[in-house]
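In numbering that gives the first Met the number 0, the protein residues as written are 0 to 558.
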Amino acid sequence: MFTLLIVIIVIALLFDLVNGFHDAANSIATVVSTKVLTPTQAVIWAAFFNFIAYWVFDMSVGNTVAKTVDNSAISLWVILAGLIAATVWNLLTWKLGIPSSSSHTLIGGFGGAAIAHAGFGVLNSAEILKTVLFIFLAPFIGGLISFFIALVTIQRNFIKKITISILASVATVYVTYSLKDTLDIKPIMIWIIGVLLGLFIVVYCWYQIVNGKNPSHTKEGNMYKKLQLLSSAAFSLGHGGADSQKVMGIICAACIVYANSYRAGVDNDMPEFFKENNLLHTTEILQVKYTNDEGKVKKFKPSVGVFGKDTVYLDGKNIIDLTSGEKIYEDEKLNPKVAATNPFINHLKKEGVDINKFSEVIDEEKKLEKKAKENSSIHSLVKLEVYSDKKDVKDVVTNEVIFSDKKINPDYRYAKIFAKYIDKDGKLLEGHKLETKVTKDTMPTWIAFGCYLMIGMGTLMGGWKIVKTMGTKITKVTPLEGVCSETAGALTLFTVSQMGVPVSTTHTITGSIIGVGATKRLSAVRWGVTISLLWAWVLTIPVSAIMGAILYYITTLFV
């Protein structure tokens with residue numbers, strides 16, 4: 000089985016490579032068609048930002064892809080068949096010059112193989128429905144945003160244009176910030192959105208000051224060409240983040256399946272080198288998702304640490320001593336009654352942390368967490384790492400069952416930390432949902448690094464057939480329209496990826512280009528080409544699912 004796992008990892012990375020050159024056109028079509036960059040310059044530019052997405056995005060999309068199928072129905076053969084089906088469909092559509100979705104291809108192939116293995120009941124209908132819904136919503140949202148940006152940009156009144164731009168930018172950043180906890184949006188993502196929109200406004204204001212109110216069309220076109228470097232970089236960043244995650248999710252799912260077999264003693268063929276260096280060690284974190292009394296979505300992500308004889312855990316803005324039940328910090332404020340004698344506070348003082356600043360406490364514990372995983376003598380609050388075994392969620396360290404079919408194991412060593420989220424029978428409260436997910440901290444670094452590297456290399460290889468369709472056949476794109484469509488596409492990808500929806504970068508940029516074309520007149524959009532693309536999008540999931548099912552049956556003949 001170890002050999003099969005390695006084969007799956009290699010095919011997954013090759014799929015990511017194919018995805019890179021298959022979807023390269025999404026990142027570079029408009030910037031090439033407007034002659035801002037040559038094709039060679041464009042693919043290097045796009046590949047660079049594809050790769051640096053590694054430091055920006057989390058694993059929201061990857062977890063969605065991996066959770067489209069019930070974990071009890073996932074086997075290495077299912078993953079293999081799904082990957083082969085997705086790769087074949089990607090290569091076929093690339094050969095034909097059809098901009099289909101790699102995301103939907105992978106979900107279709109994976110889902111089809113799982114159905115062949117265990118029937119339709121294994122599909123996570125909520126995740127599938129969400130993905131199918133965004134086949135139509137992603138291009139619509141992208142088109143709507145690009146339509147709005149284009150309408151504002153073509154305004155001739157400078158004051159009106161800047162006022163609307165500033166208000167819209169502030170509103171966008173505010174909404175993103177408001178949803179940071181609900182969608183687990185990283186602070187760096189909020190900064191990127193704010194800086195991107197802010198730079199556009201600053202550049203345009205500077206341009207107006209230098210060139211006056213009525214610049215020539217040539218000067219105006221040159222300004223938009225410069226801005227298009229920024230917008231294409233933003234879209235490439237979104238493309239790299241959205242598309243690499245799904246392959247990371249598949250590789251992590253394969254590693255978890257293999258690890259479960261290894262723990263059960265079914266497979267013991269892992270080479271010592273892999274064991275000693277934890278090269279395949281992939282786990283998940285546990286969280287309880289619920290809606291509070293104010294209607295806000297909250298997530299309890301337990302981090303637990305042992306300090307002296309006391310066990311301490313983090314719950315939102317509170318740090319609680321599990322042994323005594325006392326709140327060491329309540330709503331980010333230190334409880335002075337326990338500060339003098341509590342082992343956790345003594346630990347913080349030794350680390351030189353200002354115990355009165357909750358943010359410093361959390362930052363320090365995050366730094367120590369990585370060290371604590373590598374060295375057991377270092378104490379820190381560490382996220383509870385688990386693995387799923389059919390209907391059980393188990394502790395990675397002790398192999399104890401934490402939850403079995405959403406019911407707490409009362410004998411679990413940390414069972415008390417879930418007390419406020421379960422009823423008297425030990426079951427999760429109504430409206431509460433138990434979730435497990437992989438993060439960058441619970442997977443080997445090479446998985447994320449390798450996936451982002453492969454998609455960057457794939458982009459360098461280019462996809463010129465699809466560039467022609469995306470950049471010229473749908474509608475003729477000018478530098479101004481290129482800026483509008485790429486900015487809209489980037490904002491859509493940033494937001495939807497944080498929601499964990501595996502949207503298609505192809506669909507998103509296509510919708511954005513259509514939105515721009517519609518600002519001229521609806522007839523400027525070549526609807527014949529657009530309808531052909533829609534058919535390709537709709538057929539991608541079912542066709543790749545059928546291919547996945549057939550390939551699963553074929554692979555099982557050799558088992």
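Glycine included, every Cβ here is placed at the ideal spot set by N, Cα and C.
This structure is a prediction, so every number in the text was calculated from the model and none was measured.
Can you list, in chain order, the residues of its chain whose CB lies under 7 Å from that of residue i, leaving out five sequence neighbours each side?
i           : result
residue 421 : 407, 427, 428
residue 182 : 497, 498
residue 526 : With a pLDDT of 49 at residue 526, under the threshold of 50, the modelled position of that residue is not reliable, and the figure given next carries that caveat. Here the set comprises nothing.
residue 69  : 121, 123
residue 187 : 55
residue 446 : 247, 250, 251
residue 41  : 27, 30, 31
So what's residue i in DSSP terms, helix, strand or just coil?
i           : result
residue 271 : helix
residue 12  : helix
residue 570 : Residue 570 falls outside the range modelled here, since the chain spans only 0 to 558, and no answer is possible.
residue 421 : strand
residue 34  : coil
residue 557 : coil
residue 473 : Summary for residue 473: the model assigns pLDDT 45, below 50, so the residue's position carries little reliability, and this model does not support an answer.
residue 68  : strand
residue 208 : helix
residue 122 : strand
residue 183 : coil
residue 367 : helix
residue 337 : helix
residue 308 : coil
residue 60  : helix
residue 353 : coil
residue 500 : coil
residue 22  : coil
residue 514 : helix
residue 278 : coil
residue 546 : helix
residue 506 : helix
Identify the residues that DSSP records as bridge partners of residue i: which are they?
i           : result
residue 313 : 302, 318
residue 384 : 284
residue 435 : 285
residue 329 : 332
residue 297 : 289
residue 427 : 421
residue 394 : 385
Measure the Cβ-Cβ separation of residue i and residue j and say whether it is below 9 Å.
i           : j           : result
residue 322 : residue 309 : yes
residue 540 : residue 107 : yes
residue 8   : residue 252 : no
residue 255 : residue 387 : yes
residue 438 : residue 392 : no
residue 283 : residue 441 : yes
residue 237 : residue 492 : yes
residue 481 : residue 231 : yes
residue 86  : residue 127 : no
residue 403 : residue 382 : no
residue 148 : residue 172 : no
residue 316 : residue 357 : yes
residue 49  : residue 243 : yes
residue 505 : residue 22  : yes
Could you spell out the range, first to last residue, of the alpha helix (DSSP H) harbouring residue i?
i           : result
residue 246 : 216-262
residue 48  : 38-51
residue 480 : 478-497
residue 390 : Here residue 390 belongs to no alpha helix (DSSP H), and DSSP marks it neither H nor E.
residue 54  : Per DSSP, residue 54 belongs to no alpha helix (DSSP H) and is neither H nor E.
residue 456 : 444-460
residue 90  : 75-95
residue 112 : 101-117
residue 164 : 157-177
residue 409 : Run containing residue 409: none; DSSP gives neither H nor E here.
residue 349 : 342-349
Go to residue i, then tell me how far its beta strand (DSSP E) extends in each direction, as first and last residue.
i           : result
residue 400 : 400-403
Give me, in chain order, the residues of the same chain whose beta-carbon lies closer than 6 Å to that of residue i; leave out the 5 immediate sequence neighbours on both sides.
i           : result
residue 298 : 286, 288
residue 488 : 141, 234, 507, 508, 511
residue 561 : For the chain, the structure presents residues 0 to 558; residue 561 sits outside this window and is missing.
residue 443 : 278
residue 330 : 316
residue 380 : 302, 304, 313, 364
Check whether the Cβ of residue i lies closer than 9 Å to any Cβ atom in chain D.
i          : result
residue 20 : No chain D appears in the structure shown, which is made up of a single protein chain.
For residue i, which residues of its own chain have a beta-carbon under 8 Å away from its beta-carbon, when the five flanking residues on both sides are left out?
i           : result
residue 363 : 347, 350, 352
residue 151 : 160, 163, 164, 167
residue 372 : 381
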